[in-house]
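Peer 1:
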Amino acid sequence: MIRAQTKEMPQLVAASEAGEAHDTAHDARELTRGQTTAQITLDGKVYTLRITRAGKLILTK
């Protein structure tokens, strides 16, 4: 199970541990495989997920 590492999602983590969550949390560092960016596709469009030096996430087209 992937655990959220931010304080913004405690309900999702708690519900997931209880087996009640329908949404899945993904660790951004796993998505980027230790790098700072990852390419994500949705409906044939490519987006870039970037982790900043401050630990924030930016998603761009």
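First residue of the sequence shown: 5, per my numbering; consecutive thereafter. A virtual CB, placed ideally from N, CA and C, is assigned to each residue, including glycine. It should be emphasised that the depicted structure is a prediction, and the values quoted were computed from it without experimental measurement.
Just checking my contact of T95 with R33 at CB under 8 Å: how many whole Å lie between their CB atoms?
Peer 2: Because the chain in this structure spans residues 5 to 65, residue 95 falls outside the shown range and cannot be described.
Peer 1: Have a look at I62 and H30 and give me their C-alpha separation to the nearest angstrom.
Peer 2: 15 Å
Peer 1: Could you check the C-alpha separation between L46 and L35 for me, to the nearest Å?
Peer 2: 15 Å
Peer 1: Do you know how far the Cα of G38 is from the Cα of Y51?
Peer 2: 18 Å
Peer 1: To which residues does DSSP link R54 through a beta bridge?
Peer 2: T41 and I62
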